[in-house]
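Take a look at the structure below.
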Amino acid sequence: MTPTTTRTIRERVASDAVAAADPALIEARGIGKRYGAVRALDDVTVAIRRGEILGLLGENGAGKTTLMNVLGGMTAPDAGAVLIEGRPVRIGTPRDALRLGIGTVYQHFALVPTLTVLENARLGVGGPLARTPGAVERRLAEVGRQLGMDVPPGAVVGHLSLGQRQRVEIARALVRGARVLLLDEPTSALSPPEVDGLMATLRELRARGVAVVLITHKLGEALRLCDRVVVLRQGRVAGDLDADILDGDSTVAERRVVDLMFGGSGVAAPPPTSGVPADARAALAVRGLVVRGDGGDAAIRGLDLAVRAGEVFGIAGVDGNGQTELADAIAGQRAPSAGTIAVDGVEIAGRGVGAAATAGVGYVTGDRIGEGSVAAASVAENLALKEVGSGGEGSRFWLDRRGMERRARAAIERFAIRAPGPATPIGRLSGGNVQKVLLARELARVPPLLVCHQPTHGLDARTARDVLTALRAHADGGRAVLVISSELDDLLAIADRIGVLVDGRLAATVARVDVDADAIGRLMVGGHVSAPDRRPA
Amino acid sequence: MTDLPVADFLSALLGSGLLLAVPLLLAALGEAFAERAGLLNLGIEGMMLGGAFAGFAVALETGRIAAGVAAGAALGVALGSGFGLLTIWLRVDQVLTGLAITILGSGLTGFLYRDLYGGQNRPLPTTAARLDLPVLTDVPVVGRALFGQPLLVYLAWAAVPIAALVLGRTRFGLAVRAVGEAPFAADAAGIGVAQTRFAAILIGGAAAGLGGAFLAVVDVRTFTDNMTLGQGFLALALTMLGRWRPWRILAGALLFGMLRSLETGLPILGMDVRPEFVGMLPYLGLLAALVVLARRAAMPAALGVPYERGRR
Numbered sequence: 001m002t003p004t005t006t007r008t009i010r011e012r013v014a015s016d017a018v019a020a021a022d023p024a025l026i027e028a029r030g031i032g033k034r035y036g037a038v039r040a041l042d043d044v045t046v047a048i049r050r051g052e053i054l055g056l057l058g059e060n061g062a063g064k065t066t067l068m069n070v071l072g073g074m075t076a077p078d079a080g081a082v083l084i085e086g087r088p089v090r091i092g093t094p095r096d097a098l099r100l101g102i103g104t105v106y107q108h109f110a111l112v113p114t115l116t117v118l119e120n121a122r123l124g125v126g127g128p129l130a131r132t133p134g135a136v137e138r139r140l141a142e143v144g145r146q147l148g149m150d151v152p153p154g155a156v157v158g159h160l161s162l163g164q165r166q167r168v169e170i171a172r173a174l175v176r177g178a179r180v181l182l183l184d185e186p187t188s189a190l191s192p193p194e195v196d197g198l199m200a201t202l203r204e205l206r207a208r209g210v211a212v213v214l215i216t217h218k219l220g221e222a223l224r225l226c227d228r229v230v231v232l233r234q235g236r237v238a239g240d241l242d243a244d245i246l247d248g249d250s251t252v253a254e255r256r257v258v259d260l261m262f263g264g265s266g267v268a269a270p271p272p273t274s275g276v277p278a279d280a281r282a283a284l285a286v287r288g289l290v291v292r293g294d295g296g297d298a299a300i301r302g303l304d305l306a307v308r309a310g311e312v313f314g315i316a317g318v319d320g321n322g323q324t325e326l327a328d329a330i331a332g333q334r335a336p337s338a339g340t341i342a343v344d345g346v347e348i349a350g351r352g353v354g355a356a357a358t359a360g361v362g363y364v365t366g367d368r369i370g371e372g373s374v375a376a377a378s379v380a381e382n383l384a385l386k387e388v389g390s391g392g393e394g395s396r397f398w399l400d401r402r403g404m405e406r407r408a409r410a411a412i413e414r415f416a417i418r419a420p421g422p423a424t425p426i427g428r429l430s431g432g433n434v435q436k437v438l439l440a441r442e443l444a445r446v447p448p449l450l451v452c453h454q455p456t457h458g459l460d461a462r463t464a465r466d467v468l469t470a471l472r473a474h475a476d477g478g479r480a481v482l483v484i485s486s487e488l489d490d491l492l493a494i495a496d497r498i499g500v501l502v503d504g505r506l507a508a509t510v511a512r513v514d515v516d517a518d519a520i521g522r523l524m525v526g527g528h529v530s531a532p533d534r535r536p537a
Numbered sequence: 538m539t540d541l542p543v544a545d546f547l548s549a550l551l552g553s554g555l556l557l558a559v560p561l562l563l564a565a566l567g568e569a570f571a572e573r574a575g576l577l578n579l580g581i582e583g584m585m586l587g588g589a590f591a592g593f594a595v596a597l598e599t600g601r602i603a604a605g606v607a608a609g610a611a612l613g614v615a616l617g618s619g620f621g622l623l624t625i626w627l628r629v630d631q632v633l634t635g636l637a638i639t640i641l642g643s644g645l646t647g648f649l650y651r652d653l654y655g656g657q658n659r660p661l662p663t664t665a666a667r668l669d670l671p672v673l674t675d676v677p678v679v680g681r682a683l684f685g686q687p688l689l690v691y692l693a694w695a696a697v698p699i700a701a702l703v704l705g706r707t708r709f710g711l712a713v714r715a716v717g718e719a720p721f722a723a724d725a726a727g728i729g730v731a732q733t734r735f736a737a738i739l740i741g742g743a744a745a746g747l748g749g750a751f752l753a754v755v756d757v758r759t760f761t762d763n764m765t766l767g768q769g770f771l772a773l774a775l776t777m778l779g780r781w782r783p784w785r786i787l788a789g790a791l792l793f794g795m796l797r798s799l800e801t802g803l804p805i806l807g808m809d810v811r812p813e814f815v816g817m818l819p820y821l822g823l824l825a826a827l828v829v830l831a832r833r834a835a836m837p838a839a840l841g842v843p844y845e846r847g848r849r
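Protein chains in written order, with this note's numbering: chain A, 1 to 537; chain B, 538 to 849.
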């Protein structure tokens, strides 16, 4: 998977020729944007040519999304200008951006879930496309053919898989005549085969002369796909890597990008694991577990699992194979329809959150914002949230405000949470910092079993490492940790054993020492290729 | 009165039921637009009362029913634009704004009525024009009820397919549904979220004002304090019961109208029931229907949620 093998010489020559004939299709020049005291963007200049895929890399908060929002008309910059084919343009609203041929595919998508694909494509369409009856429908079919899209125009978007929704978004942008396509973290919701499909689509668009901007924090993908990479750090352009470096040795290119992203400090690998004796006490024993998903079908179908004290057990798998249901069942948030869940010998299946917590389960949800935190409440209040229902120390009536603040300060310091203070509403923090707060909340209770779903989703490399290190340390202290993640690299870094979850069962369980990443990858997708996407709409 | 011919009785029952359903139908149709666009208008009651009073006053002064009806709709538009300005652009809480309009509408119309007209019962001298189709009105039972109603009744009925068509088949309707479900997606697609919502609340206001004016000018032909009897809130329930779809809303409104016509119908039959109990029936009926039918109603996802670009 080195960049040279995935990009043919012919493609490179073709895009070079286009580039020479036609310099910048769109240029952001000297863009500045501040939010209060934070400089999200500071004098950023980036130019994108026709038929070029530009990777925009950077850790969380580096300004990637802000820059995209400026180009897409969602955010008005404080300084600088946007030029299209050398002429300055005003992009005050998303409508302006669309009219200028700038299409955006947002990370969490901008489709109306209750409407059909065609209705979504019609949304906000103006000009000749709107005046001609059936024009949108014909264009959509045409674009669909070009991209090899498999989604019927009458399908309701809420029933589509995330991969399909993304293809709808891309098709819709092209229907509206996008010459520039901005994609924010497009691979974060996709399975490996879908990622390959997306890459093929983007290469096709490049061949048609579309300028593609790919925002990502996944290095490997950027290096495989992009003609050029711009790295942002703390709102400034930290560096620019062109084809000569990208097409060279991939480890060299990778190191260069990491250096630029983190200012040369690099990212150290998490500490190695200590072996767990095979006869260690089972902290979690799950037998014959059956759990229904939101749709009513069984999402976990007869799962057996044992996690030993002192061990990190990783559950790998493509999203939608029962991960959420498994985590919910162990955390007591979802009653299984069959099977047993014993934590340190105490049966908790179907007994609710309180019973699970009492038995020693700590749970960090994969849904940080919706389920894990109350956005408007402060960091201190969110840290105390799980004690409100189940006692804790002190008065049963009054909140122990001083103690809450003290504990919040300790958590902020211990986990290097970037927050102005304990009183800051958690909704103002970045995803990575919210995750650290949630983790701190669980670790403070020192649970004998910690369940963590998607611990590093959307986190930059450094924060991800901090989180993984904390999980590993928890296990090394003699507790059990169950990590459910679609990021195989995370599991390979910290897990003692890895189970592959396919269609609600563990397809295989392997010790990390004799793990074969490719084999796990194949297992992950093997049981899923033909299965319908079971993610709730 | 027990020797009243059954056919005549049924005809009267049906006719008054259809008439009584109109204000509720109009208000709920308008609210369907507002809610589809993401605006929860708790001010319908106040807008209806405002429309009722304005309609009554203008009809009394000009002697023209049509002028009164137009005045009621105009006041509804004015109140709707007030609601829109406050909630969409100034981001005042929708619930608070709506309740304020309702309280204001109730208090102010009562005060003005007493102040201007001495609080005495002042019936309108004129009656609204009726459709009177010669042959059809002679059809037993349903003839007069269906073909001899005031013209505005037919306008209200016509509003049902029109509303369904606009919501389902037009670009504006699509925009309304989009801003109520996913305003961010609508914005990203180049739809003016604020403008679309504002247009929807103007429709809602106009419809509520029209409903109120109908009640005062066409049906009762006078104004009394709080004469809407909570129909504004009933319209809110009906909108949800009808799942924001005009035809279902029509069905609910007709059910309500029929139950209300029993209020006068049952005593005529000589049935010995307390009028308070019969008066409660339409509300009970709608409540029961809500419990049974609206439990699984999927509200517009962004109902009551203000939208600000760049803040999700």
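All C-beta atoms in this analysis are idealised placements derived from N, C-alpha and C, irrespective of residue type, glycine included.
Keep in mind it's a predicted model, so treat the numbers as computed, not measured.
Checklist entry - Counting only beta-carbon atoms, is N382/A nearer than 9 Å to chain B? => result Taking the first residue of the first sequence as position 1, residue 382/A is located at position 382. No - not a single Cβ of chain B is within 9 Å of the one on N382/A.
Checklist entry - According to the Cβ coordinates, are L561/B and L771/B closer than 9 Å? => result On the second sequence, residue 561/B is found 24 positions in, with the first residue counted as 1. On the second sequence, residue 771/B is found 234 positions in, with the first residue counted as 1. Yes, they are a contact pair.
Checklist entry - Of the choices M199/A, L174/A, G177/A and R172/A, whose alpha-carbon is the least far from that of E550/A? => result Because chain A spans 1 through 537 in this model, residue 550/A falls outside it and cannot be assessed.
Checklist entry - Are three or more beta carbon pairs between the stretch 231 to 240 of chain A and the stretch 34 to 42 of chain A nearer than 8 Å? => result yes
Item to check | Coil, strand or helix - R50/A by DSSP | outcome: Your numbering for residue 50/A matches position 50 in the first sequence. In this structure, R50/A counts as coil in the three-state DSSP scheme.
Item to check | CB contact check: G124/A to chain B, cutoff 9 Å | outcome: In the first sequence, residue 124/A corresponds to position 124, counting from 1. Cβ-Cβ to chain B under 9 Å: yes for G124/A.
Checklist entry - For L766/B, which three-state DSSP category applies? => result Along the second sequence, read from residue 1 onward, the residue named residue 766/B stands at position 229. Residue state, collapsed to three classes: coil.
Checklist entry - Among the residues of its own chain, which have a CB less than 7 Å from the CB of D703/B, if the five just before and after it don't count? => result Against the second sequence, residue 703/B aligns to sequence position 166. The sequence as given places Val at residue 703/B; Asp does not occur at that position. Taken in chain order, the residues that qualify are F709 and G710.
Checklist entry - Less than 9 Å separating the beta-carbons of G575/B and P837/B? => result Against the second sequence, residue 575/B aligns to sequence position 38. Against the second sequence, residue 837/B aligns to sequence position 300. It is a contact, given that the beta carbons lie within the stated cut-off.
Next on the checklist: Strictly under 9 Å for the Cβ-Cβ distance: is L551/B near chain A by that measure?
Outcome noted: Here residue 551/B refers to the residue found at position 14 when the second sequence is read from its first residue. Not an interface residue.
Next on the checklist: Using beta carbons (cut-off 9 Å, strictly below), is G310/A in contact with chain B?
Outcome noted: As a working mapping, residue 310/A is identified with position 310 in the first sequence. Not one chain B Cβ lies under 9 Å of G310/A.
Checklist entry - Ordered along the chain, which non-local residues of its own chain (more than five positions away) have a Cβ less than 6 Å from that of T463/A? => result Your numbering for residue 463/A matches position 463 in the first sequence. The residues are G432.
Checklist entry - Quick one: what's I498/A bridged to in DSSP? => result Taking the first sequence and counting its residues from 1, the one referred to as residue 498/A is at position 498. DSSP lists G314/A and V510/A as partners of I498/A.
Item to check | Among A207/A, D227/A, V307/A and V286/A, the one whose alpha carbon lies nearest that of G478/A | outcome: One-based indexing of the first sequence puts residue 478/A at position 478. Nearest of A207/A, D227/A, V307/A and V286/A to G478/A, Cα basis: V307/A.
Item to check | Alpha-carbon spacing of P843/B relative to S618/B, whole angstroms | outcome: Numbered from 1 along the second sequence, position 306 holds the residue referred to as residue 843/B. Numbered from 1 along the second sequence, position 81 holds the residue referred to as residue 618/B. Going from the Cα of P843/B to the Cα of S618/B covers about 16 Å.
Item to check | Residue-chain proximity (P94/A, chain B), Cβ-Cβ < 9 Å | outcome: Translated into positions along the first sequence, residue 94/A becomes position 94. True, the Cβ-Cβ gap to chain B drops below 9 Å.
Checklist entry - I think V451/A touches G362/A, with their Cβ atoms under 8 Å apart; what is that distance to the nearest whole Å? => result Locating residue 451/A in the first sequence gives position 451, counting from the first residue. Locating residue 362/A in the first sequence gives position 362, counting from the first residue. Contact flag correct, Cβ pair sits at about 7 Å.
Next on the checklist: Taking 6 Å as the limit between beta carbons, can you name the residues of its chain near A473/A, skipping five residues before and five after?
Outcome noted: As a first step, residue 473/A is located in the first sequence; it is residue number 473 there, counting from the start. Closer than 6 Å at Cβ, skipping near neighbours: no residue.
Checklist entry - In chain order, what residues of the same chain lie with their CB nearer than 8 Å to the CB of A726/B, ignoring the 5 residues before and after it? => result Within the second sequence, the letter at position 189 stands for residue 726/B. The residues are A715.
Checklist entry - Interface residues of chain A around L577/B at Cβ under 8 Å? => result Counted from its first residue, the second sequence places residue 577/B at position 40. Under the 8 Å cutoff, chain A gives no residues; its nearest Cβ is about 18 Å from L577/B.
Checklist entry - Does the count of Cβ pairs from the stretch 540 to 551 of chain B and the stretch 749 to 756 of chain B closer than 8 Å reach three? => result no
Checklist entry - L616/B and I640/B: beta carbons closer than 9 Å? => result As a working mapping, residue 616/B is identified with position 79 in the second sequence. As a working mapping, residue 640/B is identified with position 103 in the second sequence. No; because the gap between Cβ atoms is not below 9 Å, this pair is not in contact.
Checklist entry - By Cβ distance, which residues of its chain are closer than 7 Å to G741/B, with the 5 residues on each side in sequence left out? => result Residue mapping note: residue 741/B aligns to position 204 of the second sequence, counting from 1. For G741/B, where only same-chain residues beyond five positions count, the Cβ hits under 7 Å are G567, E568, F570, A571, N578 and G617.
Item to check | Limits of the alpha helix (DSSP H) - the one that L799/B falls within | outcome: For the purposes of this step, residue 799/B is taken as the residue at position 262 of the second sequence. That run of the alpha helix (DSSP H) goes P783 to I805.
Item to check | Residue-level contact to chain B via CB, F415/A, 9 Å cutoff | outcome: Position 415 of the first sequence holds residue 415/A. No, F415/A does not count as interfacial toward chain B.
Checklist entry - In the structure shown, what three-state DSSP assignment does T132/A receive? => result Taking the first residue of the first sequence as 1, we reach residue 132/A at position 132. Of the three classes helix, strand and coil, the one that applies to T132/A here is coil, per DSSP.
Checklist entry - So is P812/B buried or exposed if we call it buried at 16+ other beta carbons inside 10 Å? => result By 1-based counting over the second sequence, the position of residue 812/B is 275. P812/B is exposed by the Cβ-count criterion.
Next on the checklist: Which complete alpha helix (DSSP H) runs does the stretch 70 to 112 of chain A hold, if anything under 4 residues is left out?
Outcome noted: 94 to 99
Checklist entry - By the 10 Å Cβ neighbour count, where 16 or more other Cβ atoms means buried, how is P455/A classified, buried or exposed? => result What you label residue 455/A is simply residue 455 of the first sequence in a count that begins at 1. Result: buried.
Checklist entry - Quick one: which chain A residues come within Cβ less than 7 Å of I728/B? => result Locating residue 728/B in the second sequence gives position 191, where the first residue counts as 1. Simply L123 and G124.
Item to check | Where the alpha helix (DSSP H) containing G588/B begins and where it ends | outcome: Taking the second sequence and counting its residues from 1, one reaches residue 588/B at position 51. Unbroken alpha helix (DSSP H) run through G588/B: I581 to T599.
Checklist entry - Going along the stretch 679 to 711 of chain B in order, which residues come within less than 9 Å of chain A, judged by CB to CB distance? => result R708 and L711
Item to check | Backbone secondary structure at G339/A - three-state DSSP | outcome: Counted from its first residue, the first sequence places residue 339/A at position 339. DSSP places G339/A in strand when its eight states are reduced to three.
Checklist entry - Comparing alpha-carbon positions, which option in M764/B, L830/B, A719/B and R785/B lies nearest V112/A? => result Here residue 112/A refers to the residue found at position 112 when the first sequence is read from its first residue. Ranking M764/B, L830/B, A719/B and R785/B by Cα distance to V112/A puts A719/B first.
Item to check | Per-residue DSSP class, three states only, for I412/A | outcome: Counting from one through the first sequence, the residue named residue 412/A turns up at place 412. Here I412/A sits in helix by DSSP.
Checklist entry - Taking 9 Å as the CB-CB limit, is E718/B close to chain D? => result Looking for chain D here will not work: the only protein chains present are A and B.
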